[in-house]
Amino acid sequence: MRFGDEIVLDDLSLDVSKGQFLTLLGASGCGKTTILRIIAGFLSPVRGKIFFENKDITDLPPHKREVNTVFQKYALFPHLNVFENVAFGLRVARKPKKEIEKRVNDMLKLVGLSRMAQRSVDNLSGGQQQRVAVARALANYPKLILLDEPFAALDLRLKKDMQFELKKIQAKTGITFISVTHDQEEALSMSDTVVVLDKGKIQQIGSPKDIYNEPKNAFVADFIGESNIIDGIMLEDYLVKFVGKKFKCLDKGFEKGEKIDAVIRPEDIKLVSPDAGHISGIVTSSTFRGVNNEIIIDVNGFKWMIQTIEYKNVGDIIGLEILPEDIHIMKKSEYSSEIGDYSSFSDEFFNEKEK
Amino acid sequence: MIFVLYYSITNQENNFTLENFLEIKNYSRTFVRSIVFSSVSTLISFALGYPTAYAISKLGKKLQKIAIAGVMLQMWISFLLITYSLMTIMESNGIINKFFNIFGSDFVIINTKIAVIIGMVYGSLPYMILPIYSSLSKLDPKIIEAAQDLGAGKFKIFTKIIFPLSAPGVLSGFLMVFAPNMSAFIISKMLGGSENILIGEIIELQFLGSQYNPWSGSAIALILMFFIMLCTSAVGNIIYYKNIK
Chain A
1 MRFGDEIVLD
11 DLSLDVSKGQ
21 FLTLLGASGC
31 GKTTILRIIA
41 GFLSPVRGKI
51 FFENKDITDL
61 PPHKREVNTV
71 FQKYALFPHL
81 NVFENVAFGL
91 RVARKPKKEI
101 EKRVNDMLKL
111 VGLSRMAQRS
121 VDNLSGGQQQ
131 RVAVARALAN
141 YPKLILLDEP
151 FAALDLRLKK
161 DMQFELKKIQ
171 AKTGITFISV
181 THDQEEALSM
191 SDTVVVLDKG
201 KIQQIGSPKD
211 IYNEPKNAFV
221 ADFIGESNII
231 DGIMLEDYLV
241 KFVGKKFKCL
251 DKGFEKGEKI
261 DAVIRPEDIK
271 LVSPDAGHIS
281 GIVTSSTFRG
291 VNNEIIIDVN
301 GFKWMIQTIE
311 YKNVGDIIGL
321 EILPEDIHIM
331 KKSEYSSEIG
341 DYSSFSDEFF
351 NEKEK
Chain B
356 MIFVLYYSIT
366 NQENNFTLEN
376 FLEIKNYSRT
386 FVRSIVFSSV
396 STLISFALGY
406 PTAYAISKLG
416 KKLQKIAIAG
426 VMLQMWISFL
436 LITYSLMTIM
446 ESNGIINKFF
456 NIFGSDFVII
466 NTKIAVIIGM
476 VYGSLPYMIL
486 PIYSSLSKLD
496 PKIIEAAQDL
506 GAGKFKIFTK
516 IIFPLSAPGV
526 LSGFLMVFAP
536 NMSAFIISKM
546 LGGSENILIG
556 EIIELQFLGS
566 QYNPWSGSAI
576 ALILMFFIML
586 CTSAVGNIIY
596 YKNIK
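Keeping their order, the protein sequence lines are chains A and B.
Under the numbering used here, the residues of the first sequence are numbered 1 to 355, in order.
Under the numbering used here, the residues of the second sequence are numbered 356 to 600, in order.
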């Protein structure tokens, strides 16, 4: 897929199986919305084909595809009320009146808007508008529903509620959902399968657990949650060396002496007294975040992030304990050099300001 | 305005009277003719204006600006000038008649109903195109995509989405064309001849003509104004209720 000279999607192939909740996850401009638009039929790929239940639909126009979309800002029809918005697809398809009435009422019930049927869509809150958009997409009984950043316009609280509800609706109806988002938390909590995209390429496909625990490269590790990514050398199977020390780990299959990226999640590191830990460092920043404290620790110039429920003061010297199961080894990739430590995260920012 | 009101309820001797308003019955045929002419020209303007506005809204950003400037250009030219130029074209030895003469027809367009309607449509087309264009250009393309996504083909998208959403523009276009044409007098005077006198011309004659009678002229003007206001508020209410619903 190209726009002008710019290649937006590059040689991308994706299989989606029935009844799945699949999320395309990536930063803006990574091509995720482009994929959605190609599936919906608003864009056609320069090369390649789209198959839907083994039928080639590449050249089928959008209104003939059994696919419905929940648009980013919902794109509800402003001149129609809630009922008519949901009924639109059925009216276009010339379904009998009784059936339309029944289906629309069922859909409104499903999204909890039965009492709002005659309301104008302009008088609805963001969450209600989204429910209408979902009901409208569901009313045609499509085989596939596309969601374009469905929660982007909602505030945090409402977002959580709607995520939960949408997941419930998906499970109830058994319809395949493909969602697009840049919110990694949303992707992890809602999906059966997550596709991490960057630069028009798939970086990793897997279950949320796999993506979080076994990131394939530094990009995925950095994009999904917080992570300390450290240069290291694989000495032999189950033995890795970084920050000048040897650590036992659970990974194998690398060449001896191969340079690797080691990922250690901030919440996996245990704080101990300076001499009891594997490595020690000095606290350079400490931020209270409610559920935990986020501490940046300088270990010989490399800044680590640690999330802990303990509170540490800036200047404290502490030891870090890293267990074998908390270390994840990744092959070096083009991203390794781009993604560094957490130094840009804290004091550099303030130093910049002071100047 | 106050003078018009005063004249309308007095007679030559400055005594109070309502007889002036009864004068309108002498001109009822003219009044009806005005309504018919102005309605027909409004409908024709709409039939020509909507497709034009739609086509303009489909152009690229730059071309849209140029096209709209082109439409507005006519609004900057004095209406008198436009009517005069139409007169020259339609005259007995103007271009149009010469064209008909080629085919052996001695049809003379000036001083006919058609000439008046053409004049009205020509003068008011921009006032129809602009409001429709403005409501069409405000249409969110995502809404059209949503309709397409839900199974609507081109025709259904137009009848169920685009047209209803541009209806406020159409209504204000109707108003902006109907009201001025209702009170038009230059067009009918210059293009319509003596057979197609409109109510506006009658009013003018009462004030400036040989049958000088500002008393009944004022009364007719007031009736006309009241009628236009009635139409305006009716249309206004339609727009208002649409928005509330």
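Built from N, CA and C at the ideal position, the CB exists for glycine as well.
Per the C-alpha coordinates, the member of B:A502, B:I411 and B:F540 positioned closest to B:G474 is B:F540. Between the stretch 481–495 of chain B and the stretch 454–471 of chain B there are fewer than three C-beta pairs closer than 8 Å, too few to call the two in contact.
In terms of Cα proximity to A:V194, the closest of A:L12, A:S17, A:V16 and A:L25 is A:L25. The Cβ atoms of B:N592 and B:T397 lie no closer than 8 Å to each other. For A:V240, the pairing in a beta bridge is given by DSSP as A:M234 and A:F247.
Judged by their CB atoms, A:A133 and A:Y74 are nearer to each other than the 8 Å cut-off. Across the stretch 54–70 of chain A, CB contacts with chain B closer than 9 Å involve P61, P62, H63, K64, R65, V67, N68 and T69, in sequence order along the chain. With distances taken between CA atoms, A:A153 lies nearest to A:Q130 out of A:I318, A:Y141, A:C30 and A:Q130.
The three-state reading of DSSP puts B:M475 in helix, counting H, G and I together. By alpha-carbon distance to A:V283, the top candidate from A:A276, A:K312 and A:A262 is A:K312. Excluding residues up to 5 positions away in sequence, S286, T287, Q307, T308, I309, E310, Y311 and K312 lie with their Cβ nearer than 8 Å to the Cβ of A:N293 in the same chain. If you look at A:V82, you'll find it in the alpha helix (DSSP H) that goes V82 to V92. Interface with chain B (8 Å Cβ-Cβ cutoff): A:H79 is included. By the Cβ-count criterion, A:G112 is exposed, with fewer than 16 other Cβ atoms from all chains shown falling within 10 Å of its own Cβ. A:L76 is positioned such that its CB atom lies no closer than 8 Å to that of A:N68. Taking 8 Å as the cut-off between beta carbons, the residues of the stretch 493–507 of chain B near chain A are D495, K497, I498, E500, A501, A502, Q503, D504, L505, G506 and A507, in sequence order. Two segments are said to touch when three or more pairs of C-beta atoms, one from each, lie closer than 8 Å; by this definition the stretch 370–378 of chain B touches the stretch 570–586 of chain B. DSSP, read as helix, strand or coil, puts B:I552 in coil. Distance from the Cα of A:I202 is smallest, within the candidate group A:E214, A:F219 and A:L188, for A:F219. Comparing alpha-carbon positions, the option among A:G315, A:K252, A:L197 and A:R289 lying closest to A:P274 turns out to be A:G315.
Annotation: A:D231 to A:K49 spans about 40 Å, alpha carbon to alpha carbon.
Spatial neighbours of A:R37 in its own chain (CB-CB distance under 7 Å, excluding positions within 5 residues in sequence) are listed in chain order as L43.
Of the candidates B:M580, B:V590 and B:F518, B:F518 places its Cα closest to the Cα of B:Y405. The three-state secondary structure of A:Q72, taken from DSSP, is coil. Here the alpha carbon of B:S447 sits roughly 19 Å from the alpha carbon of B:L436. Nearest in C-alpha terms to B:W570, of all of B:Q367, B:Y482 and B:I583, is B:Q367. What B:L520 touches in chain A, judged by beta-carbon distance under 9 Å, is F77, P78 and H79, going in chain order. Nearest CB-CB separation between B:K511 and chain A: below the 8 Å threshold. About 18 Å separates the Cβ atoms of A:P208 and A:M330, ruling out a contact at the 8 Å cut-off. Chain A places a beta carbon closer than 8 Å to that of B:I516, counting this residue as a contact. Within the DSSP bridge table, the entry for A:L146 names A:T69 and A:I178 as partners. Close CB contacts of B:I484 within its chain, under the 6 Å cut and outside five residues either way in sequence, are with G404, T407, A408 and V426 (chain order). Residue pairing by DSSP places A:I306 opposite A:I295 in a beta bridge. One Cα belongs to A:A93, the other to B:G508, and the distance between them is close to 10 Å.
For A:D261, the enclosing beta strand (DSSP E) begins and ends at E258 to I264. At the C-beta level, A:I279 and A:V240 stay beyond 8 Å of one another.
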